[in-house]
Amino acid sequence: MSDAQQQDHPTNDKASAPQGASTSNPHPFWDFWGPVFFTLGLFFGIRYYVAEARYIPSESMIPGLQVQDRLLVEKVSLRSRSPRRGEIVVFNTPYSFNSALNLKSGQMSLPCFVVNLPFMNWMGLTNSSCDAWIKRVVAVGGDQVSVNPRGEVSVNGQRLKEPYVTQYCPVNDRGMGRCNSLIATVPSDHVLVLGDNRSNSTDGRIWGFLPEEEILGRALWRFWPFDRFGSLIP
Numbered sequence: 012m013s014d015a016q017q018q019d020h021p022t023n024d025k026a027s028a029p030q031g032a033s034t035s036n037p038h039p040f041w042d043f044w045g046p047v048f049f050t051l052g053l054f055f056g057i058r059y060y061v062a063e064a065r066y067i068p069s070e071s072m073i074p075g076l077q078v079q080d081r082l083l084v085e086k087v088s089l090r091s092r093s094p095r096r097g098e099i100v101v102f103n104t105p106y107s108f109n110s111a112l113n114l115k116s117g118q119m120s121l122p123c124f125v126v127n128l129p130f131m132n133w134m135g136l137t138n139s140s141c142d143a144w145i146k147r148v149v150a151v152g153g154d155q156v157s158v159n160p161r162g163e164v165s166v167n168g169q170r171l172k173e174p175y176v177t178q179y180c181p182v183n184d185r186g187m188g189r190c191n192s193l194i195a196t197v198p199s200d201h202v203l204v205l206g207d208n209r210s211n212s213t214d215g216r217i218w219g220f221l222p223e224e225e226i227l228g229r230a231l232w233r234f235w236p237f238d239r240f241g242s243l244i245p
C-alpha cells in the first residue's frame, strides 16, 4: 500500500493524564487564604526581625525627639554587636524584666511578652506598662559611670559630652535635688540608658541597667514630621 493510500489517523498533541490522576484545582480555602497568610507572615517577619515604625509618646527625650515624632527602628545591626554610647535604643519595658517594678506597681497580671502579642491588642487586652520604651545609651558594659543629681554623666572619670541634653534636674545650693544619682560599674552585656530630658525621665537612674537582650533595635531615622526628617545616628 502506497503512502497516499494509507489512512491518516488524527493525533492529539496534549499528553493524556495518567489514569486516576487528579485534575482538580487547588482547594478554594488556600486560593484565598494562602496569599493572606503569606502577606501577614511577611509583614510580621519584617516588623519583628528587620525594622518597624515607632512614635514618641512622652517628653522624656526632648528637645531632640518631640512627642508624636515618628521613627524608623532597625533591628539588624545590634544582633551582631553591642550598643554604643550615644545611640538611641528601643527596648522592652523594664516591667518585663525588673521584678521589683512589678511588685511595686501591683499592675501586672500577665507577662509583657503575652500582652504584646498582636491578637491581645485586637482583643483590647493592653497594658501601658508593657509598651516599649526609648532612651539613649550613655554607658556600656565595663564602664565606670556616675550620674550626679543634675543628671550630668561621667564615664571612666571623664565628663560625657551630651550636646543633645538641655534640660537638667534642678538642684539647691547644696547640690541636692529630686533626681536620683548613680555611681556604679555597668555589668557586662548591659547598658545604662537615660532620657535626654533629665528632669522628666524614668530611666536607668531609677530601675538600673538594661540587659542587651531586652533591646529591640536602634532608632535610625525620623520620618515625621517632614521638617525634622533626618538621621538619628550619633
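Start counting the sequence shown at 12; every next residue gets the next number (the numbering used here). Glycine is no exception: its CB is placed at the ideal position from the N, C-alpha and C atoms.
The DSSP assignment places 81-85 as complete runs of the beta strand (DSSP E) inside the region 68-101, in order along the chain (cut-off: 3 residues).
Residue range 215-218 is occupied by the alpha helix (DSSP H) that includes GLY215. Within the model, the alpha-carbon separation for ILE67 versus ALA230 is close to 11 Å. Of all C-beta pairs linking the region 71-88 to the region 182-192, fewer than three are shorter than 8 Å, placing the two stretches out of contact. Per the coordinates, the alpha-carbon of ASP238 lies some 19 Å from the alpha-carbon of GLU70. For GLU63, the pairing in a beta bridge is given by DSSP as VAL84. Ranked by how close their Cα comes to the Cα of ARG147, the residues ILE244, ASP200, GLY153 have ILE244 in first place. The beta-carbon separation of ILE194 and SER157, rounded to 5 Å, stays under the 8 Å limit for a contact. Around ALA150, the same chain offers VAL156, VAL166, VAL197, LEU203 as residues with beta carbons nearer than 6 Å, after the five sequence neighbours per side are excluded.
By alpha-carbon distance to ASP214, the top candidate from PHE240, ASP42, LEU112, TRP235 is LEU112. Distance from the CA atom of ARG233 to the CA atom of TRP44, rounded to whole angstroms, is 35 Å. Annotation: the continuous beta strand (DSSP E) that includes PHE234 extends over 226-235. Distance from the CA of SER199 to the CA of PHE40, rounded to the nearest whole angstrom, comes to 51 Å. In the three-state DSSP reduction, LEU203 falls in the strand class (E or B).
Here GLU224 is exposed, its C-beta having fewer than 16 other C-beta atoms within 10 Å. Partner residues in the beta bridge of TRP144, as assigned by DSSP, are PHE102. Between GLY219 and VAL101, the beta carbon gap of about 18 Å keeps them out of contact (Cβ cut-off 8 Å). Between ASP207 and VAL164, the C-beta gap is not smaller than 8 Å, which leaves the two residues out of contact.
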